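>
There are 4 protein chains.
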Amino acid sequence: MLRIAVLGVGRIGRMHAANIALHPRAALAGVFDVNDAAATEIATALGTVKFASAEEAVASEAVDALLIASSTATHADFIEMGVAAGKPVLCEKPIDLSLERVETCAAKIAGSPVPVMLGFVRRFDTGHRAVKAAIEAGRIGDLHQLAITSRDPGLAPAAYIEVSGGIFRDMTIHDFDLARYFLGEEIATVSATGSRLVDPALMERCDDYDTVTITMATAGGKQCVITNSRRAVYGYDQRVEAFGSGGMIATDNKPLDNTRFSGPGATGQAPALLDFFIERYDDAFAAVIGEFVGAAEAGRAPAVGFEDGRQALILAEAALLSVREGRTVSISDIG
Amino acid sequence: MLRIAVLGVGRIGRMHAANIALHPRAALAGVFDVNDAAATEIATALGTVKFASAEEAVASEAVDALLIASSTATHADFIEMGVAAGKPVLCEKPIDLSLERVETCAAKIAGSPVPVMLGFVRRFDTGHRAVKAAIEAGRIGDLHQLAITSRDPGLAPAAYIEVSGGIFRDMTIHDFDLARYFLGEEIATVSATGSRLVDPALMERCDDYDTVTITMATAGGKQCVITNSRRAVYGYDQRVEAFGSGGMIATDNKPLDNTRFSGPGATGQAPALLDFFIERYDDAFAAVIGEFVGAAEAGRAPAVGFEDGRQALILAEAALLSVREGRTVSISDIG
Amino acid sequence: MLRIAVLGVGRIGRMHAANIALHPRAALAGVFDVNDAAATEIATALGTVKFASAEEAVASEAVDALLIASSTATHADFIEMGVAAGKPVLCEKPIDLSLERVETCAAKIAGSPVPVMLGFVRRFDTGHRAVKAAIEAGRIGDLHQLAITSRDPGLAPAAYIEVSGGIFRDMTIHDFDLARYFLGEEIATVSATGSRLVDPALMERCDDYDTVTITMATAGGKQCVITNSRRAVYGYDQRVEAFGSGGMIATDNKPLDNTRFSGPGATGQAPALLDFFIERYDDAFAAVIGEFVGAAEAGRAPAVGFEDGRQALILAEAALLSVREGRTVSISDIG
Amino acid sequence: MLRIAVLGVGRIGRMHAANIALHPRAALAGVFDVNDAAATEIATALGTVKFASAEEAVASEAVDALLIASSTATHADFIEMGVAAGKPVLCEKPIDLSLERVETCAAKIAGSPVPVMLGFVRRFDTGHRAVKAAIEAGRIGDLHQLAITSRDPGLAPAAYIEVSGGIFRDMTIHDFDLARYFLGEEIATVSATGSRLVDPALMERCDDYDTVTITMATAGGKQCVITNSRRAVYGYDQRVEAFGSGGMIATDNKPLDNTRFSGPGATGQAPALLDFFIERYDDAFAAVIGEFVGAAEAGRAPAVGFEDGRQALILAEAALLSVREGRTVSISDIG
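Chains as they are written, first to last, in this note's numbering: chain A, 579 to 913; chain B, 579 to 913; chain C, 579 to 913; chain D, 579 to 913.
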């Protein structure tokens, strides 16, 4: 039984805690949150203990591993604490908004055998895994062009956007990781375009973008386009299309159910899409816990780790630089 | 150049005339209609001659073949006239509402080498032909179950319904023919259910049904279900599904275009369906003319002939008997 | 906490036991099976007790309710025992292969307030529920025609087929229940066709059919067609299509994932279907337990009960009679 | 009757000639080709006259208008000749491979009221028109992101590629025009990535690319991504997706027919795609003739004209520059 403490019990932390409780070889070892009242409430609701601090959780003999779902600014500190204590860590993305902080964290944990996993949940989606499996099985031949469409169902609150680190570090970061996952070779160049169309005033104020398109290429010439919007009125749009010398495979969105309606003037209508990421990726979130438990038990590297988190952040930096300077940015110039 | 006279220039006759004009090896030789004013108008519009009578058209040296699109009651007479004159005939369905009349007509033309083709247009639809080809190529193994869904977009006018001969002879007749086309062996038993749901008062008055389901089986046990309704608010519903020991192949409906729309609450909406049969089966109607021209030129039997029209009518009689008597009817008991 | 004993721990019983363990307000109270070795193994694996007999399970003070997943011949006895003991019962279909036995059971439990639920799992499928909700919300207007396609991915072993009670009582029984669920009014007439196409020799020996089509109508004229096959090579085919005066809504099959592949000669291929019922209806099986727990807690009638099981069996009897006698059977003549 | 001479009777010219012959208000006035034997053969086959030179065709009193489907290098000359003679011109894309030549041609015909139409056939596709209509009707709100996927079914012969002017001027030119058509405002910036993945040796030799991705933005921030490949093994891939503040509308590919096949291991397979552009866009090519005839009759500007051809070429130049210099190119810097 891997006893996991959850640091940060906002919406994502709570969801992870529930998945830990459901996993046959994992147990919830307690929770911590800077909002003490919230931590108390959640601990009571889940029938677990509340830790007074992250340090207490890390030090506890009843804790084998850590799940970090606290605010981004704390991620790197908590990773370092967990690794120092020899306790496997599963950390939500991003590692940090600052690449410098990520680098110092990387330096600190370098050489440690303690498993550190990044919560890039989309790699664990059934459809995405099927695309990856098809690529690896050679079903589409050599991958030539990859298209990732990722649109949120609605703009997050201004308070969230303001501290998010910007769309590339906050939202596209998932797609950067997916791109690396599917491409199977490192990305060499990034070119991005950013627009302010959903909420121009907010974006102007935050010096951010709500609508972006990013084109990337590997040294071998494989191309990837990521299309993001902060608001799709038809719901959480999550699609991947991989085109190669031997064919094309794509994953489609997930509607609420598998019905189709035909009425006057419109036929074959599917219902609304699953909304939002917790519903859309529920199987994947459970699989994340499964992978973490497996890696922690075996003391092996998880399927997606710290370096993946660092590389995704480098791509985010490159994209931002590309928009700002109106040029194609070489990854070798970053970090 | 096969010079074809069109007898009856209502909506269907005019459509056929246009297709004759477009065919590279056919020419419109003139038109006849009991409504003389209509005939005059059409002849002028199409730049062709008007015949004063069907007899005149048949006898004309400028006429090589006949297309019969006049009222049902005249079909058998005109077929007999054409065959007697040695002129190939393409006749719209049904041959006649009375099986007796069909039998006497059959007796009269028996032994003649003159091609007589029945206008069962659906056999010439691209999708239906692809299903047939898949069956013949063994793609679905042995055919076990066939489902034909056929629903009109709206109830025909009462004046039409009253003289239509009833839903089985007027509407299902197409599906009976399709069933024979796909099954590839003669049907042995018919069991039907009829309801009055679209316009109960009209159906009551006409002793007819607007909603029917017919189950048929061949001697070998292959099954076919036909589902008909006189009114589908989402449009002209025309689907076939063939299930066999090796797989399943189905044809879907044809929307106005190949777009899909996603908006709040509904995703993947296709537009309305092509409406009505002249639009839905436009390619097929052109192919009907092509087959007729080919058969007439070669003096060979057309792909679908008089006997197919007779067999479809027998199935209609059997279905009606089944509804009336609440029993499974053997085809060997009919006709 | 509702403590539920599981009687019969074959494949279905075990699956139910796992779902009980996962339900937050239910607990597995023990298992019983006539195969004592199997019962011991399962009890150990699930960390629960083994009962020496069904009687012991029913009598145990540690048991609040019963889940009956034993062989069909024991269902009625166990239902009677549970009701006599005042313990809510969730019974797998069918109640019994003999309508007479069902009637005596009905008489014995008549008037008891103890909840008896039938395990018609398909009513709890997300897609089927969405169809039902659409009908009830008036989205398709008045229901006119219902089509249920239900095909197993492969023929069950001969040993199973021989004691199954025949395709109507064993397989179609689910579809009969679904038909009643969607139609919302009792069925008046049944007409069925049976063929032996998948394994003619076995079917001949068992006097059974592997390929059947059943047409039913309510007194009001609503029509329903059920299409069954014991073997679909493309997998577990489970579809429902409801057509009404205002539109049509259908549920489609569930492939393994939401990918589509395009290669030379074929485009838009979805993967194989979920196979078999435990995978296809996994959410629905969990929802069955949820409904049972809710009904048992409240002492209320469950959403699907004993009478639904009896009515489905009556339809099976009627279908068999229709095939044997080649006629449309009135339900009022049965039972 | 608009009497149209066809200059250049290769595959495209012959197809246009056939469509002219089918149009009710157009007639084929003769053909010219530098390959005199080919011209003779086609003239005989189509029952029309052969002109000894383009000059003769333009000067002929029996010619009202010109359709230019000759080699690209002749387009600008023939346009100038037609306009000088006061005869409406329909010219295949591109106007010329050199922007300078296009500019001198523009200067020569400036101010003339003679209709000059560019053969950007995709604007006339039913699906694309439906997307445009949906945008104009406000169905997707404000357009934010447009994605055009355009892949050829196979690499053209090396001899063609070598003189094609490169992928941007030869192939993407259609997509540049479509982008302008849908965006409804001029494009401000272009950023492109080019790879050599289909036939690296040939592309190296021609200093060309076979796999490109182009991102464009309007001054208002609307984004468009074009994805091109010279070879898709699953066929001619032609899709458009328009995303806006109120929804998304997309056109899908066109398979050979509307069937779906399910067999062991794969379900819902559509057949191969229509291949190639003459089949895929056959309705659109006919509509091009219709629009040209209408514009010529009325002496009005056609729906797509010379300036559209010039703008598309400017975008091609910008894309090439972007790939070469690794930067986002402003359209205002070109031309």
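Note that beta-carbon positions come from the ideal geometry of N, C-alpha and C, so glycine has one too.
Given the structure is predicted, the values throughout are model-derived calculations rather than measurements.
Of the choices D:PHE821, D:ARG808, D:SER807, D:GLY813, whose alpha-carbon is the least far from that of A:VAL811?
D:PHE821
> Label D:SER910 either buried or exposed according to how many other C-beta atoms from any shown protein chain fall within 10 Å of its C-beta, with 16 as the threshold for buried.
D:SER910 is classed as exposed because its beta carbon has fewer than 16 other beta carbons within 10 Å across all chains shown.
> So with Cβ pairs under 7 Å, would you call A:SER773 a contact of chain D?
Yes, contact with chain D.
> Taking only beta-carbon atoms, is A:ARG905 less than 7 Å away from chain D?
Yes - at least one Cβ of chain D is within 7 Å of the one on A:ARG905.
> Start and end of the beta strand (DSSP E) containing B:LEU675?
First-last for B:LEU675: undefined, no H or E at that position.
> Only counting runs of 4 or more residues, tell me where the alpha helix (DSSP H) segments fall wholly within the region 726-759 of chain D, in order along the chain.
736-741
> Where does B:ARG902 land, buried or exposed, given buried means 16+ other C-beta within 10 angstroms?
exposed
> Considering only the beta carbon of each residue, do C:THR771 and B:GLN801 sit closer than 7 Å?
yes
> Going along chain A in order, which residues have a C-beta closer than 9 Å to the C-beta of B:ASN831?
Neighbours of B:ASN831 in chain A, taken as residues whose beta carbon is under 9 Å from its own, are SER840, THR845, GLY846 in chain order.
> I'd like to know whether the C-beta of B:TYR812 is nearer than 7 Å to at least one C-beta of chain C.
yes
> Within 10 angstroms of the Cβ of D:GLU633, are there 16 or more other Cβ atoms? Answer buried if so, exposed if not.
exposed
> C:ALA637: buried (16+ other C-beta within 10 angstroms of its C-beta) or exposed?
exposed
> Can you look up D:GLY660 in the DSSP assignment and give me helix, strand or coil?
Helix.
> Return the CA-CA distance between C:LEU761 and A:LEU893, expressed in angstroms with no decimal places.
56 Å
> Using 7 Å as the threshold, is the C-beta distance between C:SER840 and A:GLY825 below it?
By the CB criterion at 7 Å, C:SER840 and A:GLY825 fall inside the cutoff.
> State buried or exposed for A:ASP835, treating a residue as buried only when at least 16 other CB atoms are found within 10 Å of its CB.
By the 10 Å Cβ count, A:ASP835 comes out buried.
> Please confirm whether C:ASP835 has its beta-carbon closer than 7 Å to some beta-carbon of chain A.
yes
> So is B:SER648 buried or exposed if we call it buried at 16+ other beta carbons inside 10 Å?
buried
> With 16 as the cutoff for other CB atoms within 10 Å, does A:THR618 come out buried or exposed?
exposed
> Please list the terminal residues of the continuous beta strand (DSSP E) segment that includes A:MET695.
For A:MET695, the enclosing beta strand (DSSP E) begins and ends at 694-696.
> For a contact defined as C-beta to C-beta under 7 Å, what are the partners of B:THR727 on chain D?
Going along chain D, no residue has its Cβ under 7 Å from B:THR727, so there is no contact; the nearest lies around 14 Å.
> How close, in whole Å, do the beta carbons of C:PRO880 and C:ALA890 come, if the pair is a contact with beta carbons under 8 Å?
With a contact defined as Cβ atoms closer than 8 Å, C:PRO880 and C:ALA890 miss out at about 15 Å.
> Strictly below 8 Å CB to CB, what residues from chain A border D:HIS653?
What D:HIS653 touches in chain A: nothing, since even the nearest Cβ is about 31 Å away.
> In its own chain, which residues sit with a C-beta less than 6 Å from the C-beta of B:PHE702, not counting the 5 before and 5 after it?
ALA862, ALA865, VAL866
> Considering Cα atoms alone, identify which of A:THR682, A:THR791, A:LEU600 is closest to A:ALA725.
A:THR791
> Does any CB atom of chain C fall closer than 7 Å to the CB of D:ALA865?
no
> Are the region 582-600 of chain C and the region 593-611 of chain D touching by the rule of at least three beta carbon pairs closer than 8 Å?
no
> Could you list which residues in chain C have their beta carbon closer than 9 Å to that of A:MET826, in chain order?
ARG838, PHE839, SER840, GLY841, THR845
> Return the residue from the list B:PHE698, B:ASP830, B:LYS628, B:PRO666 that minimises the CA-CA distance to B:ASP748.
B:PHE698
> In terms of residue numbering, what span does the beta strand (DSSP E) encompassing D:ALA795 cover?
789-796
> If you follow the alpha helix (DSSP H) that D:PHE870 is in, where does it begin and where does it stop?
860-876
> Please go through the same chain and pick out, in chain order, the residues whose beta-carbon is closer than 6 Å to the beta-carbon of D:GLN723, but skip the five residues on each side of it.
GLN801, PHE821
> Where does C:VAL709 land, buried or exposed, given buried means 16+ other C-beta within 10 angstroms?
Buried is the label assigned to C:VAL709, since at least 16 other Cβ atoms lie within 10 Å of its Cβ.
> Please report the residue range of the beta strand (DSSP E) in which B:ARG783 lies.
B:ARG783 -> not in any beta strand (DSSP E); alpha helix (DSSP H) instead, spanning 778-784.
> Determine whether the beta carbon atoms of B:ARG809 and B:LYS832 lie at a separation below 7 Å.
no
> Residues in the same chain with beta-carbon distance under 6 Å from D:SER690, minus the five sequence neighbours each way, listed in chain order, please.
VAL661
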